[in-house]
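In what follows, a single structure is set out as structure tokens and then discussed.
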Amino acid sequence: DEDAALLSGVRELTPDELPDSVLPVLAVVGRPNVGKSTLVNRVLGRREAVVQDTPGVTRDRVRYRAEWAGRPFILVDTGGWEHDARGIGARVAEQAEIAVELADAVVFVVDATVGPTDTDERVVQVLRRSGKPVLLVANKVDSPRDEADAATLWSLGLGEPYPVSALHGRGSGDMLDAALALLPEVTAVGGVPSTGPRRVALVGKPNVGKSSLLNAVTGTDRVVVDDVAGTTRDPVDELVEVGGRPWVFVDTAGIRRRVHQTQGADFYASLRTQAAIEKAEVAVVVIDASQPIAEQDIRVVQNVVDAGRALVVAYNKWDLVEEERRFYLEREIERELVQITWAPRVNFSALTRWHVDRLGKHLATALEGWETRVPTGRLNAFLGELAAAHPHPVRGGKQPRILFGTQADTRPPRFVLFATGFLEAGYRRFIERRLREEFGFVGSPIEISVRVRE
Ligand code: GDP
Ligand code: GDP
23 DEDAALLSGV
33 RELTPDELPD
43 SVLPVLAVVG
53 RPNVGKSTLV
63 NRVLGRREAV
73 VQDTPGVTRD
83 RVRYRAEWAG
93 RPFILVDTGG
103 WEHDARGIGA
113 RVAEQAEIAV
123 ELADAVVFVV
133 DATVGPTDTD
143 ERVVQVLRRS
153 GKPVLLVANK
163 VDSPRDEADA
173 ATLWSLGLGE
183 PYPVSALHGR
193 GSGDMLDAAL
203 ALLPEVTAVG
213 GVPSTGPRRV
223 ALVGKPNVGK
233 SSLLNAVTGT
243 DRVVVDDVAG
253 TTRDPVDELV
263 EVGGRPWVFV
273 DTAGIRRRVH
283 QTQGADFYAS
293 LRTQAAIEKA
303 EVAVVVIDAS
313 QPIAEQDIRV
323 VQNVVDAGRA
333 LVVAYNKWDL
343 VEEERRFYLE
353 REIERELVQI
363 TWAPRVNFSA
373 LTRWHVDRLG
383 KHLATALEGW
393 ETRVPTGRLN
403 AFLGELAAAH
413 PHPVRGGKQP
423 RILFGTQADT
433 RPPRFVLFAT
443 GFLEAGYRRF
453 IERRLREEFG
463 FVGSPIEISV
473 RVRE
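Residues 23 to 476 in the numbering used here are what the sequence shown lists, from first letter to last.
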């Protein structure tokens with residue numbers, strides 16, 4: 023069949039080579055202080071003490087690549103939320119809802135020394151409704167004589183509680199075996215086949231117009247996802263036609279529902295954004311052009327770059343942008359977003375649909391840049407000319423020379439340069455600029471690493 027044809031002749035990737043975007047996702051949920059962070063740290067094998075989160079500070083890292091018994095997976099840590107006026111119960115239930123939406127399976131942590139609480143019961147309801155597989159973990163079972171505590175959790179109706187001590191590691195191996203058994207096997211080979219629809223994340227701070235843009239592009243061209251077998255694995259993704267091509271817009275459920283934009287929801291926004299970016303090949307960062315560019319806009323752009331995804335920057339609400347604002351906007355872009363001058367830019371209005379149709383072209387351009395491969399011969403001819411015309415500055419009587427280079431990877435392009443000494447950051451940036459002038463890489467971050475050879 024078609025899938026088989028696509029995949030034939032393609033070598034199976036080793037677990038280490040599997041991109042994050044194809045890995046199954048396991049989320050850890052539970053009340054505050056039950057030991058979620060301790061458990062996450064245990065799974066990740068981190069030795070450092072649990073970092074106490076400062077209220078009001080957004081944590082950027084919430085998804086981690088983890089491995090157990092040779093199987094890589096993504097671990098989502100939902101421990102970073104804050105208390106608010108609505109009370110703990112509502113907050114924890116909301117957290118569980120999001121975790122369920124973004125994960126393939128859920129580890130529900132309960133404090134065995136406390137026993138089941140009303141809040142735990144609320145979480146159970148959310149988890150039940152979702153139909154996702156759940157592993158019930160009875161934490162703080164530090165010794166055999168605490169096991170009786172764990173037994174009280176049978177009453178939650180989620181089956182057998184797994185007694186663990188996240189603090190000391192007791193029982194965590196068995197628990198992980200059980201958790202991994204709930205996750206689907208990775209079936210993708212080499213990530214997303216290049217002939218299938220490409221995966222797009224629509225990201226940006228609240229109220230910039232993500233949901234309006236999604237509505238504008240879906241409109242009547244919406245394709246029923248079931249029609250194209252095997253293209254999406256997740257009901258939160260949508261297949262959409264833009265610029266005459268189908269695209270998978272990932273994690274759209276949160277954009278459509280708009281339920282978590284209450285005060286203090288920064289953490290959820292960050293969780294969602296990161297999840298969407300990592301599932302996608304190209305991200306559209308939507309920015310409200312009628313407002314000053316904010317710290318949060320810059321952070322989302324940085325998330326995309328750090329994740330090594332292709333990037334399109336979309337300035338929305340252009341219908342509100344007057345002459346004077348246009349002037350200030352350009353200054354702000356020059357000041358705040360100089361590091362991504364390589365990203366395709368579209369000015370549009372989701373409201374009037376002006377220029378919405380241009381998005382497809384930019385997405386395609388960015389993906390092309392992301393996948394560009396420069397043959398080694400051409401690269402070295404280029405590096406030779408560059409080094410002859412602009413040698414590395416002399417430092418301390420020494421002048422590092424580039425011996426040769428190779429493009430080690432695409433998606434995004436990664437270069438390895440072999441040199442006789444360390445190349446300073448300014449020179450590496452200069453090389454990046456010239457690489458872009460010569461070979462394009464429009465819409466893609468580039469990584470350059472240097473290996474020193476005597
Ligand atoms: P979170 O709010 O759910 O992320 O909980 P933390 O991981 O921050 O843990 C809350 C407190 O419980 C900390 O003081 C931990 O040291 C403690 N704790 C976590 N796991 C265990 C455990 O297995 N046994 C005991 N005795 N204490 C634990
Ligand atoms: P999201 O939170 O990023 O999904 O943003 P929404 O799509 O919900 O939009 C937030 C607000 O901005 C809503 O009131 C929209 O009607 C408005 N909005 C979105 N796009 C435009 C636009 O192009 N022009 C104008 N004037 N308003 C817009």
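Glycine included, every Cβ here is placed at the ideal spot set by N, Cα and C. Because the structure is a prediction, the values reported are computed rather than measured.
Alpha carbon to alpha carbon, what distance is there between Leu224 and Arg278?
11 angstroms
Just to confirm the assignment, what range does the beta strand (DSSP E) spanning Phe130 have?
Ala127 to Asp133
Closer than 7 angstroms by C-beta to Val146: which residues in its own chain qualify, once you throw out the five before and the five after it? Chain order, please.
Excluding residues within five positions, the ones whose Cβ falls inside 7 angstroms are Leu178, Gly179 and Leu180.
So what does Pro94 bridge to, in DSSP terms?
Glu89
Who are the Cβ neighbours of Val304 in its own chain at under 8 angstroms, not counting the five residues just before and after it?
Arg220, Arg221, Val222, Ala223, Arg331, Ala332, Leu333, Val334, Leu385, Ala388, Leu389, Trp392 and Gly465
Name the DSSP beta bridge partners of Ala305, please?
According to the DSSP secondary-structure assignment, Ala305 is paired through a beta bridge with Ala223 and Leu333.
For Thr432 versus Arg395, is the C-beta distance shorter than 8 angstroms?
yes
Return the residue from the list Gln313, Val122, Gly241 and Asp142 that minimises the CA-CA distance to Arg151.
Closest option to Arg151, Cα to Cα, is Val122.
Determine the burial state of Gly276: buried for a count of at least 16 other Cβ atoms within 10 Å of its Cβ, exposed for fewer.
buried
Can you tell me whether Ser194 sits near ligand 1, meaning its C-beta is under 7 angstroms from at least one heavy atom of the ligand?
no
How about Trp340 and Ala311: are their beta carbons less than 8 angstroms apart?
yes
Local Cβ density within 10 Å of Phe349, reported as buried at 16 or more and exposed below that
Result: exposed.
What are the residues that DSSP puts in a beta bridge with Trp269?
Arg220 and Val262
Identify whether Phe404 lies in helix, strand or coil by the three-state DSSP scheme.
helix
Could you give the distance in angstroms between the alpha-carbon of Arg475 and the alpha-carbon of Gln361?
30 angstroms
To the nearest angstrom, how far is the alpha carbon of Trp269 from that of Val416?
49 angstroms
How would you write the range of the beta strand (DSSP E) that Glu469 sits in, first residue to last?
Glu469 to Val474 is the span of the beta strand (DSSP E), which, as asked, contains Glu469.
With the cut-off set at 8 angstroms, would you say Leu381 and Val306 are in Cβ contact?
yes
Buried or exposed: Thr36, going by 16 or more other Cβ atoms within 10 Å of its Cβ?
With fewer than 16 other Cβ atoms within 10 Å, it is exposed.
For Asn63, name the three-state secondary structure that DSSP assigns.
Asn63 falls in the helix class under three-state DSSP.
Residue from Arg85, Ala134 and Thr60 with nearest C-alpha to Tyr290:
Arg85
Using DSSP with H/G/I as helix, E/B as strand and the rest coil, what is Ala365?
coil
In whole angstroms, what separates the C-alpha of Val239 from that of Asn369?
15 angstroms
Consider the C-beta atom of Gly226 and the heavy atoms of ligand 2; say whether any pair is separated by less than 7 angstroms.
yes
Let me know if Lys301 comes out buried or exposed under the rule of 16 or more other beta-carbons within 10 Å of its beta-carbon.
buried
Among Arg53, Trp90 and Phe95, which has the Cα closest to the Cα of Ser43?
Phe95
Should Leu189 be counted as a contact of ligand 1 given a C-beta to heavy atom distance under 7 angstroms?
yes
Return helix, strand or coil for Arg436, following the three-state DSSP convention.
In this structure, Arg436 counts as strand in the three-state DSSP scheme.
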